[in-house]
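Trainee: Just so you know, we're using our numbering here: the sequence shown kicks off at 73 and counts up by one. Where is the CB? At the ideal position from N, CA and C, for every residue including glycine. One structure, pasted below without further comment.
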Amino acid sequence: MCAAASRNHLIDAVGIVKTYQINGRPVSVLKGIDFAVMEGEFVSVMGPSGSGKSTLLHILGCLDRPSEGQYLLDGIDTLAATDRELSRMRARRIGFVFQTFNLVPALTLYENVELPFLYTAVQPPLVRQRIETAISQVGLDHRMEHRASELSGGEMQRVAIARALATQPKLILADEPTGNLDTDTGRDILGLFQDLHRRGATIVMITHDPQVAEQADRCLRLKDGRWADIETE
Ligand code: ADP
Ligand code: MG
């Protein structure tokens with residue numbers, strides 16, 4: 073499956089089309105996207121609202137399937153995978169961070185970060201160690217037993233990042249992770265992503281903020297379901 077040309081590509085997507093039925097009519101939201109991401113790269117994706125950014129991220133994260141195209145994740149053909157195989161792939165290889173944090177408010181920080189381990193076979197002592205390490209990495213060790221509902225927005229996003237990285241995924245996908253935060257807090261959160269990147273994480277981040285986007289190795293722009301232009305640093 074793993075062709076020589078794509079050996080170091082964590083993401084290798086070709087000709088991705090996504091068509092929704094909107095008011096009974098087919099509407100193509102993604103119109104043939106090619107997207108390759110090397111292991112260890114930090115790529116940002118910008119584009120106007122409705123341009124298909126979240127749709128693309130959901131496909132990359134195996135939360136949704138394309139209508140057409142080919143998508144190899146870590147050399148594995150995701151289109152040939154069953155839904156069950158896709159769920160396992162997601163749990164083992166991908167960490168998600170969303171704009172709205174998506175924590176369970178009544179659970180503690182620790183319990184929130186523990187959630188993705190329900191879908192892995194990691195042994196309990198190692199689970200505890202990974203959760204504690206992840207929470208410490210985002211600077212919230214002292215709040216481990218606090219409920220998520222007691223946190224500020226910036227702290228919630230830190231927990232969401234800890235949850236995304238605790239399972240040690242190969243790929244971190246973030247959909248406007250600083251979109252609900254004030255500028256200073258957003259900068260702190262971006263700093264965490266940069267730390268992760270320095271430690272070797274592969275990151276694809278959607279953002280509205282050009283200052284956030286330009287921190288990545290590469291910034292791509294979506295427009296009406298196609299790449300608008302490509303800038304490389
Ligand atoms: P962005 O994240 O760039 O704002 P999205 O990927 O969320 O854009 O959406 C792109 C377009 O696809 C929008 O017009 C949106 O209404 C439409 N869309 C997204 N998800 C669905 C869905 N499940 N069913 C129908 N249309 C959808
Ligand atoms: Mg979106």
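So the alpha helix (DSSP H) Gly-112 belongs to, where does it begin and stop?
Mentor: Premise fails: Gly-112 is in no alpha helix (DSSP H) and is neither H nor E.
Trainee: Considering Arg-290, what are the terminal residues of the beta strand (DSSP E) in which it resides?
Mentor: Unbroken beta strand (DSSP E) run through Arg-290: 290-295.
Trainee: Looking at C-beta atoms only, is the number of pairs between the segment 244-261 and the segment 191-204 that lie closer than 8 Å three or more?
Mentor: Too few Cβ pairs lie closer than 8 Å, so no.
Trainee: Taking 6 Å as the cut-off, does the CB of Thr-192 come closer than this to any heavy atom belonging to ligand 1?
Mentor: The answer is no for Thr-192.
Trainee: Any chance the segment 87-102 sits against the segment 268-281, with 3 or more Cβ pairs inside 8 Å?
Mentor: Touching, no, given that fewer than three Cβ pairs across the two stretches are closer than 8 Å.
Trainee: Please state whether the Cβ-Cβ distance between Asn-80 and Met-110 is less than 7 Å.
Mentor: A contact, by the Cβ cut-off of 7 Å.
Trainee: Any idea which residues DSSP pairs His-81 with across the strands?
Mentor: Answer by DSSP bridge pairing, in chain order: Met-110.
Trainee: Pull every residue with its beta-carbon under 6 Å away from any heavy atom of ligand 1, and keep them in chain order.
Mentor: Qualifying residues come out as Tyr-92, Ile-94, Val-101, Gly-119, Ser-121, Gly-122, Ser-123, Gly-124, Lys-125, Ser-126 and Thr-127.
Trainee: Could you tell me which of Gly-167, Phe-114 and Gly-258 sits nearest to Cys-134, measuring between CA atoms?
Mentor: Nearest of Gly-167, Phe-114 and Gly-258 to Cys-134, Cα basis: Gly-167.
Trainee: Report yes or no: do the segment 170-186 and the segment 219-231 share at least 3 C-beta pairs separated by less than 8 Å?
Mentor: Yes: the two stretches touch, three or more of their Cβ pairs being nearer than 8 Å.
Trainee: Report yes if the CB atom of Ser-221 is closer than 7 Å to the CB atom of Pro-177, and no otherwise.
Mentor: Contact flag set, yes.
Trainee: Taking the runs of the beta strand (DSSP E) that are 3 residues or longer, which of them lie wholly in the segment 212-265?
Mentor: Segments of the beta strand (DSSP E) lying fully in the segment 212-265: 243-247.
Trainee: Please say whether Thr-279 and Ile-261 have beta carbons closer to each other than 7 Å?
Mentor: For Ile-261 and Thr-279, no; Cβs fall outside 7 Å.
Trainee: Should Ser-126 go down as buried or exposed, given a rule of 16 or more other Cβ atoms within 10 Å for buried?
Mentor: Label assigned to Ser-126: buried.
Trainee: Report the three-state DSSP secondary structure of Pro-120 (helix, strand or coil).
Mentor: Coil.
Trainee: Inspect the beta-carbon positions of Arg-259 and Val-115 and report whether they are closer than 7 Å.
Mentor: No, these two residues do not count as a Cβ contact at 7 Å.
Trainee: Using the rule of at least 16 other Cβ atoms within 10 Å of the residue's Cβ for burial, across every protein chain shown, is Tyr-92 buried or exposed?
Mentor: Its Cβ having fewer than 16 others within 10 Å, Tyr-92 is exposed.
Trainee: Looking only at DSSP bridge pairs, what is Ile-275 linked to?
Mentor: Ile-275 pairs with Phe-114 and Ile-244.
Trainee: Using the three-state DSSP reduction, which class does Phe-173 fall into: helix, strand or coil?
Mentor: Coil at Phe-173, not helix or strand.
Trainee: Quick one: grab the DSSP three-state call for Val-194.
Mentor: Residue state, collapsed to three classes: coil.
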